[in-house]
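As they're listed, the protein sequences go chains A and B. Just so you know, the first sequence maps onto residues 1 to 113 in my numbering. Just so you know, the second sequence maps onto residues 1001 to 1114 in my numbering.
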Amino acid sequence: NAGVTQTPKFQVLKTGQSMTLQCAQDMNHEYMSWYRQDPGMGLRLIHYSVGAGITDQGEVPNGYNVSRSTTEDFPLRLLSAAPSQTSVYFCASTPDLLLREQYFGPGTRLTVT
Amino acid sequence: DAKTTQPPSMDCAEGRAANLPCNHSTISGNEYVYWYRQIHSQGPQYIIHGLKNNETNEMASLIITEDRKSSTLILPHATLRDTAVYYCIVRSPLSGAGSYQLTFGKGTKLSVIP
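Dropping the structure here:
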């Protein structure tokens, strides 16, 4: 199993550009989520999905969209990048809604200038 | 929502046991306590979780007090590779029915010293 994979590893955007961060898992997990981590801070939940076709907002959803057309993939879209979205983004998956064990991807470092 | 309190930093000598405390005085009866760690800039790594009883796995032991208001993560023989930020987390509900999140605070930065 590859686990949770994320692409790209690094990205630099200009203000106003849009892009999609990719996340995929091969463990057949129903629950997937996106977090952001700012320097010196813990992780904050952006969006999550409890299964294909079902998504919902987390703590900091503004400026981001998600979709879940398959169990495996959970892309995160930045609609119009802003410097405040400079952060490290982590995708995670877990086999059940009790969140007993989340598997995290390696992260995407995004800089918006 | 249950909140957790952890010391911001701790040191531990290599080869000794590392005991990381966590307070969660508002935890409800059916809430699990989870521990994760984050090594440098990597994605967080699951360590262990528990409800009432003490738990042990190949990475660590989790001791939960009888009143469940605090817990301690024990790394029995700390190595330099255990240097990381350790997060103690209690699940909190989301707006979606039956949905929960794990809220990662700032954690405890554990430094294992040679």
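Positions of the beta carbon are idealized from the N, C-alpha and C atoms, including for glycine. Owing to the predicted nature of the structure, the values given are computational and were not obtained by experimental measurement.
Kindly indicate the opening and closing residues of the beta strand (DSSP E) around TYR1036/B.
For TYR1036/B, the enclosing beta strand (DSSP E) stretches over residues 1033 to 1038.
C-beta atoms of TYR35/A and LEU45/A nearer than 8 Å:
Yes, the pair counts as a contact, with Cβ atoms nearer than the cut-off.
Same chain only: Cβ atoms within 8 Å of LEU43/A, ignoring 5 sequence neighbours per side:
Result list for LEU43/A: TYR35, ARG36, GLN37 and PHE90, in chain order.
Just to confirm, are LEU76/A and VAL66/A a CB contact at a threshold of 8 Å?
Their beta carbons are under 8 Å apart, which means LEU76/A touches VAL66/A by this criterion.
Give the secondary structure of ARG1081/B by DSSP, where H, G and I count as helix, E and B as strand, and everything else as coil.
Of the three classes helix, strand and coil, the one that applies to ARG1081/B here is helix, per DSSP.
With a cut-off of 8 Å, does the C-beta of SER1061/B fall near any C-beta of chain A?
No, no contact with chain A.
For a cutoff of 8 Å on Cβ pairs, would you count HIS1024/B as touching chain A?
Output row for HIS1024/B: interface = no.
Among GLN17/A, GLY107/A and GLY53/A, the one whose alpha carbon lies nearest that of GLU72/A
Of the candidates GLN17/A, GLY107/A and GLY53/A, the one whose C-alpha sits nearest the C-alpha of GLU72/A is GLY53/A.
Determine the DSSP secondary structure at SER84/A, reduced to helix, strand or coil.
Residue state for SER84/A is assigned as helix, using DSSP reduced to three classes.
Quick check: is the beta carbon of TYR1086/B nearer than 8 Å to any beta carbon in chain A?
The beta-carbon of TYR1086/B is placed no less than 8 Å from the nearest beta-carbon of chain A.
Residue nearest to VAL112/A in terms of C-alpha spacing, selected from LEU99/A, THR94/A, VAL88/A and SER93/A:
Residue VAL88/A is the option with its Cα nearest to VAL112/A.
Which value, in whole angstroms, describes the spacing of the CA atoms of ALA10/A and ASN62/A?
Note on residue identity: the sequence assigns Phe, not Ala, to residue 10/A. For the pair PHE10/A and ASN62/A, the Cα-to-Cα distance works out to about 22 Å.
Collapsed DSSP secondary structure at ILE1027/B in the structure displayed:
Coil, per DSSP.
Is it a yes or a no for the segment 1032 to 1044 of chain B touching the segment 97 to 109 of chain A, going by three-plus beta-carbon pairs under 8 Å?
The segment 1032 to 1044 of chain B, when compared against the segment 97 to 109 of chain A, does touch it at the 8 Å Cβ threshold.
State the CB to CB distance for the pair SER93/A and GLN25/A, rounded to an integer number of angstroms; the pair is presumed to be in contact (CB under 8 Å).
Approximately 4 Å separates the beta-carbon atoms of SER93/A and GLN25/A; this is inside 8 Å, confirming the contact.
Report yes if the C-beta distance between LEU1020/B and THR1083/B is below 8 Å; otherwise report no.
Not in contact: LEU1020/B and THR1083/B (Cβ atoms no closer than 8 Å).
CA-CA distance, VAL1090/B and THR7/A?
Distance between VAL1090/B and THR7/A, taken at the CA atoms: about 30 Å.
Tell me the rounded alpha-carbon separation between PRO1008/B and LEU1062/B.
Between PRO1008/B and LEU1062/B, the C-alpha separation is close to 19 Å.
Chain-order list of residues whose beta-carbon lies under 7 Å from that of HIS29/A (same chain, five-residue window excluded)
The residues SER93, THR94 and PRO95, in chain order, have a CB closer than 7 Å to that of HIS29/A in the same chain once the five nearest residues on each side in sequence are set aside.
Determine the direct distance from the alpha carbon of LYS14/A to that of ASN1023/B, and round the result to whole angstroms.
The C-alpha of LYS14/A is placed about 42 Å away from the C-alpha of ASN1023/B.
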